[in-house]
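To start, the structure itself, in structure tokens.
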């Protein structure tokens, strides 16, 4: 086949597939969000925003992202630098640390349910140490902060691995010579981290943060497993509009609101961590 | 800096380092271990208190899981959807990965942008309009319909991973095969493909796990033919608690094998995908 057309033939299936299953449904969802009773209105948006649950679920989602993502970033950076200077057992440690990468959010929620439920391991441990004498029911509406903590811990446990993988790959791309030069000039390990690792890691940090923040706004199954209806988030509200209230227009509007927040966060991250033009490793 | 540090300080630093590595490993493993204990306990022991910290190796919960109405079907559905997603995303994604690594063509940047865009978009949300579309075309509540949506989730990764894999094979190898009488196709099947096969398998497993773990779209798009995640999600509020743990354990099991199988490729794949 002619080499000029070959690349287009090769990318045609993906392009077609994404047009049908990504761009087209996206147009549909946007259309549905702005339509009510056969005309274009903002009615759906007004309806979901004025719902009493909306401010709570928005606040919960944002708070959760604000609590989880920085911890994950710090933890992933720490793990990545630790692995980087490891001589023995690097592969084994990396394997253990990346296990949660393959674990679904639903399974992670169930795992942390085993710890936080009434007859769970947290109560059992507190009992073994003698702090409490009878198991307390932790995941109830009286303890909103424990519910929040359980969800945050489950998220940190589950999703730090994806950042770790991206950052380890990124650190691997930084030439060793920079560190040798820094060593010669007497820079401490901490200084090397601040002045070499962090700035040169910017593209990886961008990718890791964008991916994590978007997924943080989509949090759903962990919350469903641990908080149920105690802890409404944007995604669970979308699900409720679609299934419990059978209101597709409102669900579509919620979807667009989540998308808007995701895009805004992506732009902020890309702007904050932009790589200067022409700078390469 | 290391030259001026006293032996004591270095020893302390070393100790701190090893302790944190061990602690971080425990942080990952201990919750999994708790799930294992619950799964291998008799149903009545799961609700007992205080908990034993060693598994009793009782198969009660697991056999309850197996006999629970609809659970085995859900498990089979999950495997079929994930298998189909795996095949589709590699079959559709790999050619594009090859094109990106071997050719410079007009619209290449636009194409890459489309791929990256899908990755930066809350994709499960598209399940809502697709549900309507599928009802019209008769794909609603089918294995194939859900597999198509999961393929959309997996394809950006399939393209980027195969792109980085193909980039790792020098173009000269293929050119040498051409001069020795191979056509473009035979050079690909005889030279490139054998080299790339383990990597392709790794990215296929990745696609499998993306589909296996997906909850939202699965719950939205299936009613009768639930996958395991969708089934567990729906049963969360009503199912006995030992069923949740057994189900969670079955969900986790492939993850352990998956990470082990692709551990060599995880980092290479993200290294290039970042650029």
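Chains as they are written, first to last, in the numbering used here: chain A, 34 to 314; chain B, 1364 to 1638.
Ideal placement from N, C-alpha and C gives every residue a C-beta, glycine not left out.
These figures come from a predicted structure and were not determined experimentally.
Going along chain A, which residues have a C-beta under 8 angstroms from residue 1592(B)?
137, 139, 254
Spell out whether any CB of chain B is found under 9 angstroms from the CB atom of residue 188(A).
no
If you compare alpha carbons, which of 294(A), 284(A), 225(A), 98(A) is closest to residue 1488(B)?
284(A)
Do the CB positions of residue 266(A) and residue 93(A) come within less than 9 angstroms of each other?
yes
Could you have a look at residue 72(A) and say whether DSSP puts it in helix, strand or coil?
strand
Have a look at residue 1383(B) and residue 1392(B) and give me their C-alpha separation to the nearest angstrom.
14 angstroms
Of the residues that make up the stretch 1563-1581 of chain B, which ones have a beta carbon closer than 8 angstroms to any beta carbon in chain A?
Cβ contacts with chain A: 1572, 1575, 1576, 1577, 1578, 1579.
Let me check understanding here. Comparing Cα to Cα, which of 1506(B), 1465(B), 1478(B), 1558(B) lies closest to residue 1439(B)?
1506(B)
Would you report the Cα separation of residue 303(A) and residue 245(A), rounded to the nearest angstrom?
13 angstroms
Are there 16 or more other CB atoms within 10 angstroms of the CB of residue 1364(B), so buried, or fewer, so exposed?
Low confidence applies here, because residue 1364(B) scores a pLDDT of 43, under 50, leaving its location unreliable; read the following figure in that light. So residue 1364(B) ends up on the exposed side.
Does the CB of residue 226(A) have a neighbour CB from chain B at under 9 angstroms?
no
With burial defined as no fewer than 16 other Cβ atoms inside 10 Å of the residue's Cβ, what is the status of residue 1548(B): buried or exposed?
Label assigned to residue 1548(B): exposed.
Hey, is residue 124(A)'s beta-carbon within less than 9 angstroms of any beta-carbon in chain B?
By this cut-off, residue 124(A) is an interface position.
Hey, how far is the Cα of residue 210(A) from the Cα of residue 1433(B)?
59 angstroms
Would you grab the beta carbon distance between residue 1466(B) and residue 39(A) for me? Rounded to a whole angstrom, and I think it's under 8 angstroms.
7 angstroms
Is residue 1621(B) close to chain A? Criterion is C-beta to C-beta, closer than 9 angstroms.
Answer yes: the Cβ-Cβ gap between residue 1621(B) and chain A drops below 9 angstroms somewhere.
Residue 40(A) versus chain B: which residues are under 7 angstroms apart at the beta carbon?
1462, 1466, 1468
Would you list, in sequence order, the uninterrupted alpha helix (DSSP H) runs of no fewer than 4 residues that lie entirely inside the stretch 48-113 of chain A?
57-66, 76-83
If residue 139(A) and residue 196(A) are in contact, beta carbons under 8 angstroms, what's the gap, nearest whole angstrom?
Residue 139(A) to residue 196(A), Cβ: 20 angstroms. No contact.
Might you give, ordered along the chain, the residues of its own chain that have their beta carbon closer than 6 angstroms to the beta carbon of residue 143(A), omitting 5 neighbours on each side?
Closer than 6 angstroms at the Cβ level, and outside the excluded window around residue 143(A), lie 258.
Please list, in chain order, all residues of the same chain as residue 1448(B) whose beta carbon is under 6 angstroms from its beta carbon, the five residues on each side excluded.
Annotation for residue 1448(B): 1510, 1513, 1514, 1517, 1570, 1574 place their beta carbon closer than 6 angstroms to its own, counting only its chain and skipping 5 residues before and after.
Ignoring anything shorter than 4 residues or poking outside the stretch 251-306 of chain A, list the alpha helix (DSSP H) runs there in chain order.
254-259, 267-276, 281-305
Quick one: complete alpha helix (DSSP H) runs, 4+ long, within the stretch 1417-1454 of chain B?
1423-1430
Give me the chain B residues within the contact set of residue 147(A), using Cβ-Cβ distance strictly less than 7 angstroms, ordered along the chain.
1397, 1398, 1401, 1608
Taking the alpha-carbon positions, what's the residue 1404(B) to residue 1422(B) distance?
7 angstroms
Please report the residue range of the alpha helix (DSSP H) in which residue 1568(B) lies.
Counting along the chain, the unbroken alpha helix (DSSP H) around residue 1568(B) starts and ends at 1556-1576.
Give the straight-line distance between the Cα atoms of residue 1623(B) and residue 224(A), rounded to the nearest whole angstrom.
35 angstroms
Just the C-alpha distance for residue 131(A) and residue 47(A), rounded to the nearest angstrom, thanks.
29 angstroms
State yes or no: is the C-beta of residue 116(A) within less than 9 angstroms of the C-beta of residue 189(A)?
With respect to residue 189(A), residue 116(A) sits apart: the two C-beta atoms are not nearer than 9 angstroms.
Express the C-alpha separation of residue 108(A) and residue 193(A) in angstroms, rounding to a whole number.
Cα to Cα, the separation comes out at about 7 angstroms.
Can you name, in chain order, every residue of its own chain whose Cβ lies under 7 angstroms from the Cβ of residue 1583(B), other than the five neighbours on each side?
A distance below 7 angstroms between beta-carbons, with the five flanking residues on each side excluded, links residue 1583(B) to the following residues of its chain, in chain order: 1490, 1491, 1494.
At 7 angstroms on the CB atoms, spell out the chain B contacts of residue 65(A), in chain order.
1492
Determine which residues of the stretch 253-272 of chain A have a Cβ less than 8 angstroms from any Cβ of chain B, and write them out in chain order.
Answer set for the stretch 253-272 of chain A: 253, 254, 257, 258, 261, 268, 271, 272.
Please list, in chain order, all residues of the same chain as residue 112(A) whose beta carbon is under 7 angstroms from its beta carbon, the five residues on each side excluded.
130, 197
Mapping the DSSP letters down to three states, classify residue 1594(B) as helix, strand or coil.
Correct three-state label for residue 1594(B): helix.
Following the continuous alpha helix (DSSP H) through residue 1502(B), name the residue where it begins and the one where it ends.
Unbroken run through residue 1502(B): none, as it is neither H nor E.
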